[in-house]
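Notes to accompany the following structure.
2 protein chains.
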Amino acid sequence: MSVGHTEVTTEPVVSCGDEHEDCGIREVLDRIGDKWSVLVVVELAQGVRRFRQLQRAVPGISQRMLTLTVRRLERDGLITRTVYPTVPPQVEYELTAMGHSLTHLVKALADWSSEHRGVISRARQEWDAEHPDSGIR
Amino acid sequence: MSVGHTEVTTEPVVSCGDEHEDCGIREVLDRIGDKWSVLVVVELAQGVRRFRQLQRAVPGISQRMLTLTVRRLERDGLITRTVYPTVPPQVEYELTAMGHSLTHLVKALADWSSEHRGVISRARQEWDAEHPDSGIR
DNA sequence: CAGGATCCGCTAAGATACTG
DNA sequence: CAGTATCTTAGCGGATCCTG
C-alpha cells in the first residue's frame, strides 16, 4: 500500500449507498426546508396551539401560508388537526409522536447553527470582500 | 396545582428562547434547504471532486445551478475551491472542517428520513384518500 | 375564529449559447 | 474543462376579499 498520497477523506459519514442516488434527505428537506414549516413545528413543540395563536407566534406568516403549511404537515402525519364545532369555531393543532421526533432533528439543526454561526458569518464577510461584484448573495 | 388537565407538552426539546424569534434554524435551512446543496455536500463527503465530476454525481443539476451552489457553499466556508492553472483548466472542490461537521447533520437527516419514510408515505396516502380534491400536494 | 378563493409580483431554477 | 451571460418559465408566497 503506497503512502505519500495525502488524501484524507475523513471517513465517509454519509455514503448514501442505500437508495438509487440521493438517500431520503431530499424527502425531509422538501417538507421542512420551506420557509415556514420548521417555525410552526418549533412553536407546536411548546404545546397545543390554535390557528391564530400559531399566526401570532410566527410573525410574518400570512394566513394563506399558515394554512398551506399546517395542511402539509397534517398530510405527512407530523401534526394533528382537531376541530371543535363551537361558535366561533376552534381548531387545535398538535404534534404527533413523529412530529415530536422531528423536533429532535430540528434541535440538532439549531445546535449546529449556533455553533457555526460565527464562523460562517466571518467566512461570508471575507468572501464578499474578495469578490465585490460577483452577483452571489 | 390542579390535576385533571391532560396537557402533555412532552418536554420542550426546542424552546427557541435564545434569539429574538426563530433560533438560527432558518440560517441553516437557507443554506442546505435548497434543492442541490445537500447533494453536493454528500458527494464531497466522499472526497475531492472536480466540477464535471460533481455534475455527473448529481444527476439533473445544470451547470448554472452547480456553479451557484458551489459558490454559495464556498462563500459560507463549507467547501474550498482550488484552481490549478493548467490547460485545460482544473478546479477541485473539497469540504472544509466545518463542511465535514455539516456532514454529520446530514446523516442525522438521512437517518430520520429512512426511519419515518414509511409512516409518512402511508399517512400521505390516507390523507389523499380522505381529501380527494384539496389542492394540496 | 378559521379558513377558502383570487390576483399578482418576484425570484429560483431550467435551457441554451458562448468564452478563456 | 470550467465556467459566464442571457432568456424564459414555474410556482412560492404576499395581499386582499369573502364565508361559515
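If you're matching them up, the sequences are chains A and B in order.
Heads up: the first sequence at position 124 corresponds to 123 in numbering that gives the first Met the number 0, and the numbers run straight through without jumps.
Heads up: the second sequence at position 64 corresponds to 63 in numbering that gives the first Met the number 0, and the numbers run straight through without jumps.
Don't be surprised by glycine CBs; every beta carbon is placed ideally from N, CA and C.
These figures come from a predicted structure and were not determined experimentally.
- request: Sort out for me which residues DSSP pairs Arg-48 of chain A with in a bridge.
  value: Position 49 of the first sequence, counted from the first residue, corresponds to residue 48 of chain A. Answer is A:Tyr-92.
query: Are the C-beta atoms of Val-118 of chain A and some chain B residue less than 8 Å apart?
result: Within the first sequence, numbered from 1, the residue matching residue 118 of chain A stands at position 119. Under the 8 Å criterion on CB atoms, Val-118 of chain A is classed as interfacial with respect to chain B.
- prompt: Of all the options B:Val-90, B:Glu-26, B:Arg-123 and B:Ser-120, which has the alpha carbon lying nearest to the alpha carbon of Arg-51 of chain B?
  reply: Position 52 of the second sequence holds residue 51 of chain B. Closest option to Arg-51 of chain B, judged by alpha-carbon separation, among B:Val-90, B:Glu-26, B:Arg-123 and B:Ser-120: B:Val-90.
- prompt: With a cut-off of 8 Å, do at least 3 Cβ pairs link the region 108-116 of chain A to the region 94-103 of chain B?
  reply: Touching, per the Cβ criterion.
- prompt: By the criterion of Cβ-Cβ separation under 8 Å, what are the contact partners of Leu-108 of chain A in chain B?
  reply: Numbered from 1 along the first sequence, position 109 holds the residue referred to as residue 108 of chain A. In chain order: Ile-24, Val-27, Leu-28 and Leu-104.
- prompt: Got a sec? Which residues, its chain only, sit under 7 Å from Ile-78 of chain A by beta carbon, not counting five neighbours each side?
  reply: As a working note, residue 78 of chain A is residue 79 in the first sequence. Excluding sequence neighbours, Ile-78 of chain A sits near Leu-43, Val-69, Leu-72, Tyr-92, Glu-93, Leu-94, Thr-95 and Gly-98.
message: Bridge partners for Thr-66 of chain B per DSSP, in chain order?
response: Taking the second sequence and counting its residues from 1, one reaches residue 66 of chain B at position 67. Its beta-bridge partners do not exist; DSSP assigns none.
query: Does DSSP classify Arg-136 of chain B as helix, strand or coil?
result: Translated into positions along the second sequence, residue 136 of chain B becomes position 137. It is coil, neither helix nor strand.
Proximal chain B residues relative to Asp-75 of chain A, where beta-carbon distance stays under 7 Å: Stepping through the first sequence from its first residue, residue 75 of chain A is reached at position 76. Correct list: Ile-119, Ala-122 and Arg-123.
task: Quick one: give me the first and last residue of the beta strand (DSSP E) that Val-40 of chain A is part of.
output: Looking up residue 40 of chain A in the first sequence gives position 41. Element bounds for Val-40 of chain A: not the beta strand (DSSP E) but the alpha helix (DSSP H), 36-43.
message: Can you check whether the C-beta of Met-64 of chain B is within less than 8 Å of a C-beta belonging to chain A?
response: Taking the second sequence and counting its residues from 1, one reaches residue 64 of chain B at position 65. Taking CB atoms only, Met-64 of chain B has no neighbour in chain A less than 8 Å away.
message: So the candidates are A:Val-105, A:Val-39 and A:Gly-32; which of them puts its Cα closest to the Cα of Leu-53 of chain A?
response: Along the first sequence, read from residue 1 onward, the residue named residue 53 of chain A stands at position 54. Closest option to Leu-53 of chain A, Cα to Cα, is A:Val-39.
- prompt: Is there at least one Cβ from chain A nearer than 8 Å to Arg-55 of chain B's Cβ?
  reply: The count along the second sequence starts at 1 and reaches residue 55 of chain B at position 56. No, Arg-55 of chain B lies away from the interface with chain A (no Cβ there is under 8 Å from its Cβ).
- request: Find the residues of chain B that neighbour Gly-32 of chain A, judging by a C-beta separation of less than 7 Å, and give them in chain order.
  value: In the first sequence, residue 32 of chain A corresponds to position 33, counting from 1. Residues of chain B passing the Cβ test: Leu-28 and Gly-32.
query: If you measure from the beta carbon of Arg-70 of chain A to each beta carbon in chain B, is any gap under 8 Å?
result: Taking the first residue of the first sequence as 1, we reach residue 70 of chain A at position 71. It does; some Cβ of chain B falls within 8 Å.
- request: Give a yes or no on whether 8 Å exceeds the smallest Cβ distance from Val-2 of chain A to chain B.
  value: Position 3 of the first sequence, counted from the start, is the residue given in the question as residue 2 of chain A. For Val-2 of chain A, the pLDDT reaches just 42, beneath the cut-off of 50, and the residue's location in the model is therefore unreliable, although a value from the coordinates is still provided. No - not a single Cβ of chain B is within 8 Å of the one on Val-2 of chain A.
message: With a threshold of 8 Å between beta carbons, is Ser-61 of chain B in contact with chain A?
response: Within the second sequence, residue 61 of chain B is the residue found at index 62, counting from 1. Not closer than 8 Å to any Cβ of chain A, the Cβ of Ser-61 of chain B fails to qualify, so no.
query: Straight-line CA distance for Leu-67 of chain A to Asp-132 of chain B?
result: Taking the first residue of the first sequence as 1, we reach residue 67 of chain A at position 68. Taking the first residue of the second sequence as 1, we reach residue 132 of chain B at position 133. The alpha-carbon atoms of Leu-67 of chain A and Asp-132 of chain B are separated by roughly 14 Å.
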